[in-house]
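Contents: one structure, followed by commentary.
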Amino acid sequence: MRKQVVAIVGRPNVGKSTLFNRLCRKRSAIVDFESGITRDRKYEDVEWNGKVFSVVDTGGIVADSTESMDQLIRYQAAIAIEEADLILFVVDAKTGITDLDSAIGKMLLPRRNNVVLVVNKVDNEKDEFDLYEFLKLGFGDAFPISASQGRNTGKFLDVLMDLIPAQEINEEEEDTIKIAIVGKPNVGKSSIVNKLLGSEQVIVSEVPGTTRDSIDTDLRFKGKKLTIIDTAGLRRKAKVKYGVEYFSSMRTLETVDKADVVVLVLAADEEISNQEQRIASYARRKFKDLIIVVNKWDLPEDKDNFTVGKFVTTVKEELSFIDYAPILFISALTGQRVQKILDMVLEVDESSHVRIPTAQLNEFREDIINKHAPSHHTGRHIKLKYMTQVEMHPPTFLIFCNAPKLLSEAYKRYIHNQIREKFHFKGATIRIIFKGKGGDDPDVEY
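To convert, note that position 405 of the sequence shown is 404 in numbering that gives the first Met the number 0; the numbers rise steadily by one, no gaps.
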């Protein structure tokens, strides 16, 4: 039985995202006093009394606006309304019924049997005397809550449990490969996601910085379950103001933290920037599997001087610390090679889960020492005694060493490169721990 879907809708700034966060019991949606913060549909599972359902946060609906962003938000909300089993129509007790509320009410009337009217910002019993006004909207008695304070939200969840046949939570969860689509603003991340999904799941706009929240979407590809996360673009720190964009940038880093595979999107018609280097560096430090996708490959006009080989050389130079990441050239506009992203994700994930037998690793250890033994200017003899793989994803290798801190960066890099060359970890960020005796010989990680 599929999880029931509950959509939260309403005009801007009535507290939809605050209610969403309250139901999810975590700060999943960005909440700010500026209206219109939520733009895409955002999904989370809610568990209550041993049952689970999906709740969808939507952007504030401005019914008659001709602004392109308002129209896109309205389109996303309409999709959420269409797919929902239950609709929470949120209004504001402090302002009463507005023209926008009335317009949204008319939109929802064809599905009135699936609508629950929720009056937010009812902070005390005195505010409840003003609820009768909302009967004019035509959805019966309104349920009073204060999402920011949590007032009546427990009772509200009890009511929802009576209205929807929620799915039991004790199902065995299927493994999924989590993919973070990251990059600076306006390189085409959302367009790539839409092409991969074959639907307008997230808003695509030419206005930089459209996606502010992270959007998680599940799909199945070649028998594997994948979760694609479209993230807000990271801007240079100097250009990120405290507030909505600050939290969007932090959300992007959090997305990288929870991802299995990070897809770094570059634009073919732009130079590689410091922002992209920082994103790649962060993903590398977190030992995430990496793929580089060069979007907008259909744009460059000077094809003679703008070849794949030259661009690869540039990428390898500017992002030398992730030169092991495979590079894919695509056009999200035309769809050229976009589906190959998923093929590459499966290849990289498989590579990340390879386990090398210990006997084979110690033969390899002897070979690299014979080629190039470690040394130190003090003349102290450095011994690499034993090697084994202790983890997969990321592939993690433990090398027992008598003096890890004496190993030079060049020699640690030499071992890293030899491992990658020998065992072909495509796109997988490998981790090496040089284990000492403790005390004066602590462990060193590379």
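The beta-carbon is built from N, C-alpha and C at its ideal position, and this holds for glycine as well.
Inset, instruction - Please find out if some non-hydrogen atom of the ligand MG comes closer than 7 Å to the beta-carbon of L345. - result: No copy of the ligand MG occurs in the structure displayed, which carries no ligand at all.
Inset, instruction - Tell me whether the beta-carbon of I7 lies closer than 8 Å to the beta-carbon of D69. - result: Translated into the one-based positions of the sequence shown, residue 7 becomes position 8. Translated into the one-based positions of the sequence shown, residue 69 becomes position 70. Their beta carbons are not under 8 Å apart, which means I7 does not touch D69 by this criterion.
Inset, instruction - Output the boundary residues of the alpha helix (DSSP H) element that contains F19. - result: Within the sequence shown, the letter at position 20 stands for residue 19. Start and end: K15 to C23.
Legend entry - Between the CA atoms of I398 and K384 - distance to the nearest angstrom: For the purposes of this step, residue 384 is taken as the residue at position 385 of the sequence shown. For the purposes of this step, residue 398 is taken as the residue at position 399 of the sequence shown. In a straight line, the C-alpha of K384 is about 7 Å away from that of I398.
Legend entry - Opening and closing residue of the alpha helix (DSSP H) in which T152 lies: Indexing the sequence shown from 1 puts residue 152 at position 153. That run of the alpha helix (DSSP H) goes T152 to L162.
Inset, instruction - Pull up the DSSP beta-bridge partners for L265, would you. - result: As a first step, residue 265 is located in the sequence shown; it is residue number 266 there, counting from the start. DSSP, once it has assigned bridges, lists V293 as partnering L265.
Inset, instruction - Note down the Cα distance separating I29 from S16, rounded to an integer number of angstroms. - result: If you number the sequence shown from 1, residue 29 lands on position 30. If you number the sequence shown from 1, residue 16 lands on position 17. Note that I29 scores 41 on pLDDT, short of 50, meaning its location in the model is unreliable; the coordinates nonetheless yield the value given after this. In a straight line, the C-alpha of I29 is about 7 Å away from that of S16.
Legend entry - Delimiting residues of the alpha helix (DSSP H) encompassing R284: Looking up residue 284 in the sequence shown gives position 285. N273 to R284 is the span of the alpha helix (DSSP H), which, as asked, contains R284.
Inset, instruction - Give the DSSP-derived three-state secondary structure of R336 in the structure shown. - result: Along the sequence shown, one-based indexing puts residue 336 at 337. Coil, per DSSP.
Legend entry - T428, buried or exposed, once every other Cβ within 10 Å from all chains shown has been counted against 16: Residue numbering aside, residue 428 sits at position 429 when the sequence shown is read from its first letter. Label assigned to T428: buried.
Inset, instruction - Less than 8 Å between the CB atoms is what I'm expecting for V264 and V292, so what's the real figure, rounded? - result: Taking the first residue of the sequence shown as 1, we reach residue 264 at position 265. Taking the first residue of the sequence shown as 1, we reach residue 292 at position 293. With 8 Å as the limit, V264 and V292 qualify as a contact, their Cβ atoms being about 5 Å apart.
Inset, instruction - Could you tell me which residues DSSP pairs with R219 in its beta bridges? - result: Indexing the sequence shown from 1 puts residue 219 at position 220. In the DSSP output, where bridge partners are listed per residue, R219 has K224.
Inset, instruction - With a cut-off of 8 Å on the beta carbons, I'd call D84 and I144 a contact; round off their distance for me. - result: Here residue 84 is taken as the residue at index 85 of the sequence shown, counted from 1. Here residue 144 is taken as the residue at index 145 of the sequence shown, counted from 1. Contact flag wrong, Cβ pair sits at about 20 Å.
Legend entry - Per-residue DSSP class, three states only, for F52: The count along the sequence shown starts at 1 and reaches residue 52 at position 53. Reduced to three states, the DSSP call for F52 is strand.
Legend entry - Closest residue to I381 among T175, A372 and V389 (Cα-Cα distance): Start at 1 with the first residue of the sequence shown, and residue 381 comes out as number 382. Among T175, A372 and V389, the Cα nearest to that of I381 belongs to A372.
Inset, instruction - Give me the Cα-Cα distance between E275 and I228, rounded to the nearest whole angstrom. - result: Here residue 275 corresponds to residue number 276 of the sequence shown, with the count starting at 1. Here residue 228 corresponds to residue number 229 of the sequence shown, with the count starting at 1. Computed Cα separation, rounded: 18 Å.
Inset, instruction - Classify M391 as helix, strand or coil using the three-state DSSP reduction. - result: For the purposes of this step, residue 391 is taken as the residue at position 392 of the sequence shown. The answer is coil: DSSP assigns M391 none of H, G, I, E or B.
Legend entry - Of the residues L87, K404, A77 and T387, the one placed nearest I418, counting alpha carbons only: As a working mapping, residue 418 is identified with position 419 in the sequence shown. Per the Cα distances, T387.
Inset, instruction - Taking only the alpha-carbon atoms, compute the straight-line gap between L136 and N119 and give it to the nearest angstrom. - result: For this step, residue 136 is matched to residue 137 along the sequence shown. For this step, residue 119 is matched to residue 120 along the sequence shown. C-alpha separation (whole angstroms): 15 Å.
Inset, instruction - Excluding the 5 residues preceding and the 5 following R110 in the sequence, name in chain order all residues of the same chain whose CB lies nearer than 8 Å to its CB. - result: Here residue 110 is taken as the residue at index 111 of the sequence shown, counted from 1. Contacts found: I80 and I86.
Inset, instruction - Pick helix, strand or coil for L116, following the three-state DSSP scheme. - result: Mapped onto the sequence shown, residue 116 falls at position 117. Three-state result, L116: strand.
Inset, instruction - Please state whether DSSP places S101 in a helix, a strand or coil. - result: Translated into the one-based positions of the sequence shown, residue 101 becomes position 102. It is helical.
Legend entry - Boundaries of the alpha helix (DSSP H) in which Y413 is found, first to last residue: Translated into positions along the sequence shown, residue 413 becomes position 414. That run of the alpha helix (DSSP H) goes E408 to F422.
Legend entry - Beta-carbon separation (whole angstroms), K425 vs V337, contact threshold 8 Å: Here the question's residue 425 lines up with position 426 in the sequence shown. Here the question's residue 337 lines up with position 338 in the sequence shown. Actually they do not touch by this definition, with Cβ atoms about 20 Å apart.
Inset, instruction - For the alpha helix (DSSP H) holding I78, just list the boundary residues, first then last. - result: Residue numbering aside, residue 78 sits at position 79 when the sequence shown is read from its first letter. Looking at the DSSP string, the run of the alpha helix (DSSP H) that includes I78 is S67 to E82.
Legend entry - Coil, strand or helix - E270 by DSSP: Residue numbering aside, residue 270 sits at position 271 when the sequence shown is read from its first letter. In this structure, E270 counts as coil in the three-state DSSP scheme.
Inset, instruction - Give me the Cβ distance between A258 and I178, rounded to the nearest whole Å; I'm assuming they're in contact under 8 Å. - result: For the purposes of this step, residue 258 is taken as residue 259 along the sequence shown, with counting starting at 1. For the purposes of this step, residue 178 is taken as residue 179 along the sequence shown, with counting starting at 1. Indeed, because the Cβ distance is near 6 Å, the residues count as touching under 8 Å.
Legend entry - Touch test, the segment 177 to 191 against the segment 43 to 61, Cβ-Cβ under 8 Å, three pairs minimum: no
Legend entry - Range of the contiguous beta strand (DSSP E) that encloses K434: Numbered from its first residue, the sequence shown carries residue 434 at position 435. Counting along the chain, the beta strand (DSSP E) containing K434 begins and ends at R430 to K434.
Inset, instruction - Tell me whether the beta-carbon of V255 lies closer than 8 Å to the beta-carbon of I180. - result: Translated into positions along the sequence shown, residue 255 becomes position 256. Translated into positions along the sequence shown, residue 180 becomes position 181. Not closer than 8 Å, so no.
Legend entry - Extent of the continuous alpha helix (DSSP H) run through I368: As a working mapping, residue 368 is identified with position 369 in the sequence shown. Segment T357 to K370, the alpha helix (DSSP H) holding I368.
Inset, instruction - Could you pull the start and end residues of the alpha helix (DSSP H) that L136 belongs to? - result: Locating residue 136 in the sequence shown gives position 137, where the first residue counts as 1. Run containing L136: none; DSSP gives neither H nor E here.
Legend entry - N123 burial status per 10 Å Cβ neighbour count (16 or more: buried): Here the question's residue 123 lines up with position 124 in the sequence shown. N123 should be labelled exposed.
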